[in-house]
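Undergrad: The opening position of the sequence shown corresponds to residue 13 in the working numbering, with each subsequent residue numbered one higher. Just so it is clear, CB atoms sit at the ideal spot from N, CA and C, and this is done for glycine as well. Remember, predicted model here, so these are calculated numbers, not experimental data.
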Amino acid sequence: MDPLYIKVHPSDNVAIVVNSDGLPAGTAFPDGFRLIERIPQAHKVALAEIEPGGPVVRYGQVIGTANRLVAPGGWVREDVMDLPAAPALGQLELATRTPAPLPPLEGYTFDGYVNPDGSVGTRNLLGIATTVQCVAPTVDYAVRRIQTELLPRFPNVDGAVAVTHSYGCGVAIDAPGAAVPIATLGHIGRHPNFGGAPLIVSLGCEKLQPVRLFPELRVITDGPPVLRLQDQRGFAETVSAILEYAEKRLAELNRRQRRPVPASGLNVGVQCGGSDAFSGVTCNPAVGYLADLLVRAGATIMFSEVTEVRDAVHLLAPRATTEQVALDLIREMRWYDEYLERGSADRSANPTPGNKRGGLSNVVEKALGSVAKAGTSALMAVAGHGERVTAKGLVFAATPASDFICGTQQLASMNVHVFTTGEGSPYGLSMVPVVKVSSRTALAEKWPDLIDIDAGKIATGQASIENIGWELFRFILDTASGRRKTWAEHWGLGNALAPFNPGPVT
Ligand code: CA
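1. Determine the closest residue to Ser252 out of Val175, Arg157, Asp466, with distance taken between C-alpha atoms.
2. Which first and last residues belong to the alpha helix (DSSP H) in which Gln145 is found?
3. Between which two residues does the alpha helix (DSSP H) holding Phe487 run?
4. Say the cut is 7 Å; is the CB of Cys295 nearer than that to a heavy atom of ligand 1?
5. So, is Gly38 buried or exposed, given that buried needs 16 or more other C-beta atoms within 10 angstroms?
6. Please classify Met93: does DSSP put it in a helix, a strand, or coil?
7. Tell me whether Asp415 counts as near ligand 1, meaning its Cβ is closer than 7 Å to at least one heavy atom of that ligand.
8. For Thr108, does the count of other Cβ atoms within 10 angstroms reach 16, so buried, or fall short, so exposed?
9. Extract the residue ranges of the alpha helix (DSSP H) inside the segment 374-402, only unbroken runs of 4 or more that lie entirely within it.
10. Inspect the beta-carbon positions of Gly85 and Arg46 and report whether they are closer than 8 Å.
11. Please return the same chain residues whose Cβ sits closer than 8 Å to the Cβ of Thr518, not counting the five positions on each side in sequence.
12. Under 6 Å Cβ to Cβ from Asp24, same chain only, skipping five residues before and after it: list those, please.
13. Around the C-beta of Gln474, are 16 or more other C-beta atoms found within 10 angstroms, so that it is buried, or is it exposed?
14. So what does DSSP say about His199, is it helix, strand or coil?
15. Between the Cα of Ile194 and the Cα atoms of Val144, Leu241, Ile75, which residue gives the shortest distance?
16. For Thr402, count neighbouring Cβ atoms within 10 angstroms of its own Cβ and tell me buried if that reaches 16, exposed if not.
17. Taking 7 Å as the line, does the beta carbon of Gly285 fall inside it for any heavy atom of ligand 1?
18. Is any non-hydrogen atom of ligand 1 found closer than 7 Å to the C-beta of Glu501, if you look at the structure I gave you?
19. What does the Cβ neighbour count give for Cys295, buried or exposed, with the cut at 16 atoms within 10 Å?
20. For Phe487, which residues from the same chain have a beta carbon less than 8 Å from its beta carbon, with the 5 sequence-adjacent residues on both sides left out?
21. Indicate the three-state DSSP secondary structure (helix, strand or coil) for Trp87 in the structure shown.
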């Protein structure tokens, strides 16, 4: 492959090296530009001289300030740049540049499971919700028996999933922060893929009592059964009782049928994990194109990860549909600033060693690449931590950036998940299909049985952002319909749920 670099925006004074082994000092590009030192793949090269104190510009935005002279052709590493201040939250433009509605995209459907409340499932799963970690191994044991002994008799049911977690007791259950994990676990329990209702297994003495997790239990008399382990006699009988409940529910679930529904029934949560400097030019813009297609089709697309949006908030607040939505976005940014401050941390704690190895120097560069996932449409709504998203269009759902916490929080609302990765992660969730998109072809080739879509072809010019965006859209319709499985589903990869708990542990 010929030496190749990518400059994203005309005003950028850095570009990233595309070639998979990096390029040595002295490399000349077709335009005559030369490297003066070796630059690894995905790392930045100075296109012009950057003076000490001068801005380093990528995506047309200042991502840092040079702390020494960088000559043209030199390597712009993390240690030659200082982190700029985050955009001040009090001085943002609110809904001043709301994009016009995109042209509708009609006629796209998928085969889903429509629930009585109108929500649409993409899988047909027996869900077992739990109130506390104490019961998790017992429920996991029962689920293994359900899978081998019961499921073969119910061919319309895709699987059985235990909603286990580390929450439920030993926590300040009345503290304001407790509302977040409790709401999240409640929404996950009522997930559309569970037909809107789980079986519930409780211990008995825990702080998170079933009615607190599912307040509707107060009024529903023939609702989902609650099995209290401390009422049972011994382990074997307890497991038999869970299996008996499961069998009844499986008979109901087995009658669910897929039927064609408009693509507007999709709620797609997107996040990135193990990002590199390509993420912002390949997979994330392709997901942004997908986001616009979903918006045009009337669906919901959620992006999250507060610390990766914080440094791009000045680009998003003007895109809000109303001033109130922009203020809601700022409220979530401010909440997180204060949350980090209480923990004596700040946003600079975000990039990981892997991010940096992948060429991402700091959180500003990571954020500018990350928000490309949000496409170009108007920001229609903002959801707080743990809130279930019901709005259509582009929605910011506040979550931490941590992959498994973000995934768990988005699970409260989404029926398909898209995960972009540069360094690579075998991440998956057991309740919804997780479509993994690589930022580089080298990763897709190294992990052909984990990566579903290779967006790296965008960097080498073999595919356009539009091509990969459409490929993703069609892949999602097929996957949501059960016509194809993601690699994570094929291997049964489901990361442990990790609800966000900003409240105190006692
Ligand atoms: Ca993430």
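TA: Inspection of the coordinates gives the following:
1. The count along the sequence shown starts at 1 and reaches residue 252 at position 240. Comparing Cα-Cα distances from Ser252 to each of Val175, Arg157, Asp466, the minimum goes to Arg157.
2. Position 133 of the sequence shown, counted from the start, is the residue given in the question as residue 145. From DSSP, Gln145 is part of no alpha helix (DSSP H); its letter is neither H nor E.
3. As a first step, residue 487 is located in the sequence shown; it is residue number 475 there, counting from the start. For Phe487, the uninterrupted alpha helix (DSSP H) run begins and ends at 477-492, by DSSP.
4. Within the sequence shown, the letter at position 283 stands for residue 295. Distances taken from the Cβ of Cys295 to the heavy atoms of ligand 1 include none shorter than 7 Å.
5. Walking along the sequence shown from the start, residue 38 turns up at place 26. With fewer than 16 other Cβ atoms within 10 Å, it is exposed.
6. The residue labelled residue 93 in the question sits at position 81 within the sequence shown. DSSP places Met93 in strand when its eight states are reduced to three.
7. By 1-based counting over the sequence shown, the position of residue 415 is 403. Yes.
8. Within the sequence shown, numbered from 1, the residue matching residue 108 stands at position 96. Exposed, since its Cβ has fewer than 16 Cβ neighbours within 10 Å.
9. Whole alpha helix (DSSP H) segments, 4+ residues: 375-382.
10. The residue labelled residue 85 in the question sits at position 73 within the sequence shown. The residue labelled residue 46 in the question sits at position 34 within the sequence shown. Yes, the Cβ-Cβ distance between Gly85 and Arg46 is below 8 Å.
11. In the sequence shown, counting from the first residue as 1, residue 518 sits at position 506. Within its own chain, the residues whose Cβ lies closer than 8 Å to the Cβ of Thr518, once the five positions on either side in sequence are excluded, are Gly182, Val183, Ala184, listed in chain order.
12. As a working note, residue 24 is residue 12 in the sequence shown. Cβ within range, chain order: Val69, Arg70.
13. The sequence position of residue 474 within the sequence shown is 462, counting from 1. The residue is exposed, with fewer than 16 neighbouring Cβ atoms inside 10 Å.
14. Position 187 of the sequence shown, counting from 1, holds the residue named residue 199. Under the three-state reduction of DSSP output, His199 falls in the helix class.
15. Start at 1 with the first residue of the sequence shown, and residue 194 comes out as number 182. Nearest neighbour of Ile194 by Cα position, chosen from Val144, Leu241, Ile75, turns out to be Val144.
16. Residue mapping note: residue 402 aligns to position 390 of the sequence shown, counting from 1. Exposed is the label assigned to Thr402, since fewer than 16 other Cβ atoms lie within 10 Å of its Cβ.
17. On the sequence shown, position 273 is the one that residue 285 refers to. Relative to ligand 1, Gly285 has its C-beta within less than 7 Å of a heavy atom.
18. Position 489 of the sequence shown, counted from the first residue, corresponds to residue 501. Answer for Glu501: no, Cβ out of range of ligand 1.
19. Your numbering for residue 295 matches position 283 in the sequence shown. With 16 or more Cβ atoms within 10 Å of its Cβ, Cys295 is classed as buried.
20. Counted from its first residue, the sequence shown places residue 487 at position 475. The beta carbon of Phe487 sits closer than 8 Å to those of Val447, Asp464, Ile465, Arg496, all from its chain and outside the five residues before and after it, given in chain order.
21. Here residue 87 is taken as the residue at index 75 of the sequence shown, counted from 1. In this structure, Trp87 counts as strand in the three-state DSSP scheme.
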